[in-house]
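Reading through the structure tokens given below for one structure.
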Amino acid sequence: MQLYPAIDMKNGKCVRLRQGEFKDVTVYSDCPEEVACKWQEQGATFLHLVDLDGALAGHSVNEETIRRIVSSVSIPVEIGGGIRSEEAIFNMLSLGVKRVIIGTKAVEQPEFLRDMAEKFGAEAIVAGIDAKNGNVAVQGWEQISQVTALKLAQRMRDYGIKHIVYTDISRDGMLSGPNVEATKTLTKETGLDVIASGGVSSMEDLQALYEAGIKGAIIGKALYENRIDLAEAVRRLEGRNDYGRV
């Protein structure tokens, strides 16, 4: 299972939100690139970045911070938040970002992801599916659509998308445990690389995701509050069979 330490950016700082609420923010570092280096030193093999300001604005806001992070580490990076145009995708990939995550546009114009996957390659384009009570949220989680997470995931598969980041908003930043069943259903019904996001609080949570056959997990607040030892998690769960046991 691929692990993705998360670096959420707001005003150039590394932060975490509770349930996506921009007014409920905790600042963990003024230098996100230093955090990126820390996770790499602890064994991270992929980083997950979120431009929170960009998600609300509809365009990249923390570009300079993203540039510094990418230039500070040697491991691949994926980025989401406000990426809603071909130009924005090209710009992020030009910075050295490996994969871009597209959320709002996936709901409002799903054909856009199909076209971008054809243009930039399926490995570069990730569908971000952020759901609340089963329905997909858009515009920085400020609005809830009438589209279900499963329907959107199936459409993404049909359009050639290989990777999905699935976030249960109600669990994000709450350390309440991931929505294993919903993530497992998406994985089983689509056959895609579904990356679980939201609520991971312990090694037990990661083990539960692994045993459910889920391909990836994003770890945020649990790392920043020292509830998960990243080096140990990587050793146990990345590239291992038999449910992560050596």
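When the sequence shown is numbered by this note's numbering, its final residue is 248 and no position is left out of the sequence of numbers.
Every residue gets a Cβ at the ideal spot worked out from N, C-alpha and C, and that includes glycine.
Just so it is clear, the structure is predicted and the values come from calculations on it, not from any experiment.
Inset, instruction - Report yes if the CB atom of M1 is closer than 9 Å to the CB atom of G60, and no otherwise. - result: What the structure shows of the chain is the stretch from 3 to 248, and residue 1 is not part of that stretch, so it cannot be assessed.
Inset, instruction - Tell me whether D32 is buried or exposed, calling it buried when 16 or more other Cβ atoms sit within 10 Å of its Cβ. - result: Residue 32 sits at position 30 when you count from the first residue of the sequence shown. By the neighbour-count rule (16 or more Cβ atoms within 10 Å), D32 is not buried but exposed.
Legend entry - Other residues of its chain near I91: CB distance less than 7 Å, five sequence neighbours each side excluded: Taking the sequence shown and counting its residues from 1, one reaches residue 91 at position 89. So the qualifying residues of the chain are I85, V102, M118 and F122.
Inset, instruction - Would you mind working out which of E110, T187, E89 and M94 sits nearest V52, comparing C-alpha positions? - result: Translated into the one-based positions of the sequence shown, residue 52 becomes position 50. Ranking the options by Cα distance to V52, first place goes to M94.
Inset, instruction - For Q209, name the three-state secondary structure that DSSP assigns. - result: Counting from one through the sequence shown, the residue named residue 209 turns up at place 207. Helix.
Inset, instruction - Have a look at E80 and A129 and give me their C-alpha separation to the nearest angstrom. - result: Locating residue 80 in the sequence shown gives position 78, counting from the first residue. Locating residue 129 in the sequence shown gives position 127, counting from the first residue. Looking at the two C-alpha atoms, the distance is approximately 12 Å.
Inset, instruction - Using beta-carbon positions only, say whether N137 and I127 come within less than 9 Å of one another. - result: Taking the sequence shown and counting its residues from 1, the one referred to as residue 137 is at position 135. Taking the sequence shown and counting its residues from 1, the one referred to as residue 127 is at position 125. The answer is no: Cβ separation not under 9 Å.
Legend entry - Closest by C-alpha distance to I216, when choosing among S199, R229 and S203: Numbered from 1 along the sequence shown, position 214 holds the residue referred to as residue 216. Ranking the options by Cα distance to I216, first place goes to S199.
Inset, instruction - Report yes if the C-beta distance between A8 and I220 is below 9 Å; otherwise report no. - result: As a position in the sequence shown, residue 8 is number 6, starting the count at 1. As a position in the sequence shown, residue 220 is number 218, starting the count at 1. Yes, these two residues count as a Cβ contact at 9 Å.
Inset, instruction - Would you give the residue range spanned by the alpha helix (DSSP H) that P7 belongs to? - result: On the sequence shown, residue 7 is found 5 positions in, with the first residue counted as 1. From DSSP, P7 is part of no alpha helix (DSSP H) but of the beta strand (DSSP E) over Q4 to K12.
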